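Colleague: First, the structure itself, so that you have it in front of you.
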Amino acid sequence: MKRKKPLLVSAIMAMGALALAACAPQSSGESGAKDGATLKVGFVTSETGSWGANGPMVKDGFKAGLDYLTNGTDTVKGIKINVTYNDDASDPDKGVSTVKTLVGGGATVIIGTGVSAVALPTAQLAAQNHFLYITGGASSDAITGINKYTFRAATSAGQIVNAMGAAAGDLRGKKVLAYSIDSAYGQSVVAGLTRYAKTQGATTESVLVPSTVTDYTPFSQQVLNSGADLVWVSWSGSTTGAMWQSLKQQGVLAKKTVASLLDASWSWDAIGPVASDIPLLISPYFDGANDSDLVKAVNKNIAKSGHKPDTYTADGYNAAAMLVHAIEKGGTDVDKMINALEGYSFEGMRGPVTIRATDHGLIEGMYQSKLVANGGSYKAELVKRLDGDQIAQPEVKPTPAASR
Numbered sequence: 000m001k002r003k004k005p006l007l008v009s010a011i012m013a014m015g016a017l018a019l020a021a022c023a024p025q026s027s028g029e030s031g032a033k034d035g036a037t038l039k040v041g042f043v044t045s046e047t048g049s050w051g052a053n054g055p056m057v058k059d060g061f062k063a064g065l066d067y068l069t070n071g072t073d074t075v076k077g078i079k080i081n082v083t084y085n086d087d088a089s090d091p092d093k094g095v096s097t098v099k100t101l102v103g104g105g106a107t108v109i110i111g112t113g114v115s116a117v118a119l120p121t122a123q124l125a126a127q128n129h130f131l132y133i134t135g136g137a138s139s140d141a142i143t144g145i146n147k148y149t150f151r152a153a154t155s156a157g158q159i160v161n162a163m164g165a166a167a168g169d170l171r172g173k174k175v176l177a178y179s180i181d182s183a184y185g186q187s188v189v190a191g192l193t194r195y196a197k198t199q200g201a202t203t204e205s206v207l208v209p210s211t212v213t214d215y216t217p218f219s220q221q222v223l224n225s226g227a228d229l230v231w232v233s234w235s236g237s238t239t240g241a242m243w244q245s246l247k248q249q250g251v252l253a254k255k256t257v258a259s260l261l262d263a264s265w266s267w268d269a270i271g272p273v274a275s276d277i278p279l280l281i282s283p284y285f286d287g288a289n290d291s292d293l294v295k296a297v298n299k300n301i302a303k304s305g306h307k308p309d310t311y312t313a314d315g316y317n318a319a320a321m322l323v324h325a326i327e328k329g330g331t332d333v334d335k336m337i338n339a340l341e342g343y344s345f346e347g348m349r350g351p352v353t354i355r356a357t358d359h360g361l362i363e364g365m366y367q368s369k370l371v372a373n374g375g376s377y378k379a380e381l382v383k384r385l386d387g388d389q390i391a392q393p394e395v396k397p398t399p400a401a402s403r
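Position 197 of the sequence shown, counted from 1, bears residue number 196 in numbering that gives the first Met the number 0, the numbering being contiguous throughout.
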């Protein structure tokens, strides 16, 4: 979700598109495909870098989902799915370069990345080179409705803000402060909060922290000295612990009402000691949030690799379900795969999921949770599920360019 460097300038992307145009694969033109056909899929996630602790969760969910949905064959209607897995190192430059290499090598589907600064230029490349793109954990609102070739597999920043608002209750006349990383994701948090606050009669301000910062004291003091009635902390990545420690040391948690995104389980030891001071914890997913038969089957599959399901596992499963359905209905033809996904509803690890046909917004639920001591560590417990229709990102009206 959380992004490190500014996006590549459009001129660089345009040059990359020209280079790809000569070698980019074309759609087969057939809905079905002959037995023995192969679909090349490039999967990109962060296994190192600032999002490296989360990226493998998306990969686990995707691999387990693909295995479950194809009965271990990685084949749909005679089409073999050939997936190449790649690490973008949480770096926009490397991520975009990797995508270009994959598409130049024949991939007609790209899946993944939790880094919005990789996802956004990849979406532009998808429109320019006509490949299907399904994001991983990337949460920037700008992904929704960006073009017809791009779909999201994860909750958006706007959905997360709406979930916070739904859990917080009446905000009329109050001031809400967004505290996040200064990145594409953080900017989406601010934009989403500003939009939501207007509908609730509230006002907003923000403190965005550069990703290179190591001393959070001055930013924590800004939050403390603000006139905010509610502080919305939306943060993820390896700096989570230092950020929370600073907020506690500067007295923010004692003097302000704080709501937060609950990140993956590796961060719980950092947030656990202060969790009692955070009345509102919003989670996209955690192990135990849903005990459906589907979740049990996917979890069993993940366990074969020695791993456990976690926050971003559900994003990977969504991507697998979308890929399989697209092939079932569209074969290897990209345009027909896109048509198959628009308006598609399915069961995900979070429960019911619907892909909005107009802008490819992903409508699915989230969770209000709490952290409790569990021996020498912490575990998440469900407070209540927040319905997908209740927290959906507002529909984005596609631009003429997005419809191409």
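Using N, Cα and C, we set each Cβ at its ideal position, and we do this for glycine too. Given the structure is predicted, the values throughout are model-derived calculations rather than measurements.
So, under 8 Å CB-CB, Glu381 and Met365 are touching, yes? Tell me the CB distance rounded to an integer number of Å.
Modeller: It should be pointed out that residue 381 corresponds to Leu in this sequence rather than to Glu. Wrong, their Cβ atoms sit about 11 Å apart, outside the cutoff.
Colleague: Is DSSP giving Glu204 helix, strand or coil here?
Modeller: DSSP places Glu204 in strand when its eight states are reduced to three.
Colleague: Given a cut-off of 8 Å, decide if Ser49 and Asp87 are closer than it, judged by their beta-carbon atoms.
Modeller: Contact: no.
Colleague: Is there at least one non-hydrogen atom of the ligand SAM closer than 7 Å to the beta-carbon of Thr100?
Modeller: In the structure shown, the ligand SAM is absent, as is every other ligand, since no ligand is present at all.
Colleague: Select from Asp228, Ala274, Val371 and Tyr215 the residue whose C-alpha is nearest the C-alpha of Gln249.
Modeller: For the residues Asp228, Ala274, Val371 and Tyr215, the minimum Cα distance to Gln249 belongs to Tyr215.
Colleague: Within 10 angstroms of the Cβ of Arg349, are there 16 or more other Cβ atoms? Answer buried if so, exposed if not.
Modeller: Counting Cβ neighbours within 10 Å, Arg349 comes out buried, since at least 16 surround it.
Colleague: Which residues in the same chain as Met163 place their Cβ atom closer than 7 Å to its Cβ, once the five residues preceding and following it in sequence are excluded?
Modeller: Only Trp231, Ala258, Leu279 and Ile281 meet the Cβ criterion.
Colleague: Measure the CB-CB distance between Thr312 and Met56 and report whether it falls below 8 Å.
Modeller: Cβ distance < 8 Å, so Thr312 and Met56 count as in contact.
Colleague: Determine, using beta-carbon pairs with one atom in the stretch 264-277 and one in the stretch 352-364, whether at least three such pairs fall under 8 Å.
Modeller: No, the stretch 264-277 is not in contact with the stretch 352-364.
Colleague: Excluding the 5 residues flanking Gly287 on each side, which residues of the same chain have their C-beta closer than 8 Å to its C-beta?
Modeller: Only Lys378, Ala379, Glu380 and Leu381 meet the Cβ criterion.
Colleague: Any idea what DSSP makes of Arg460, helix, strand or coil?
Modeller: Residue 460 lies beyond the range of the chain shown here (0 to 403); nothing can be said about it.
Colleague: What's the gap between the Cα of Tyr67 and the Cα of Ser187?
Modeller: Distance between the alpha carbons of Tyr67 and Ser187: 34 Å.
Colleague: Which residue comes first and which comes last in the beta strand (DSSP E) that contains Pro351?
Modeller: From DSSP, the beta strand (DSSP E) with Pro351 extends over Gly350 to Ile354.
Colleague: Could you give the C-beta distance for Ser115 and Ser89, rounded to a whole number, given that I count them as a contact under 8 Å?
Modeller: About 11 Å separates the two Cβ atoms, so there is no contact after all.
Colleague: Report the three-state DSSP secondary structure of Leu261 (helix, strand or coil).
Modeller: Reduced to three states, the DSSP call for Leu261 is coil.
Colleague: Run the CB neighbour count on Gly135, radius 10 Å, all protein chains shown included, and call it buried at 16 or more, exposed below.
Modeller: Result: buried.
Colleague: Compare the Cα-Cα distances from Gly172 to each of Ile80, Lys197 and Thr143 and report the closest residue.
Modeller: With distances taken between Cα atoms, Gly172 lies closest to Lys197.
Colleague: With DSSP collapsed to three states, give me the class of Tyr377.
Modeller: Strand.
Colleague: Which of the three DSSP states is assigned to Lys255 in this structure?
Modeller: Coil.
Colleague: So for Gly15, helix, strand or coil by DSSP?
Modeller: Unreliable positioning characterises Gly15 in this predicted model, as indicated by a pLDDT of 46, which lies under 50. A coordinate reading is not provided.
Colleague: Which whole runs of the beta strand (DSSP E) in the stretch 34-65 are 3 residues long or more, in chain order?
Modeller: DSSP runs (the beta strand (DSSP E)) wholly in the stretch 34-65: 37-44.
Colleague: Around the C-beta of Glu394, are 16 or more other C-beta atoms found within 10 angstroms, so that it is buried, or is it exposed?
Modeller: The residue in question, Glu394, is exposed, as its Cβ has fewer than 16 Cβ neighbours within 10 Å.
Colleague: Could you tell me how far apart the beta carbons of Leu252 and Leu261 are, in whole angstroms, since I believe they sit closer than 8 Å?
Modeller: Not quite, the Cβ-Cβ distance comes to about 15 Å (not below 8 Å), so this is no contact.
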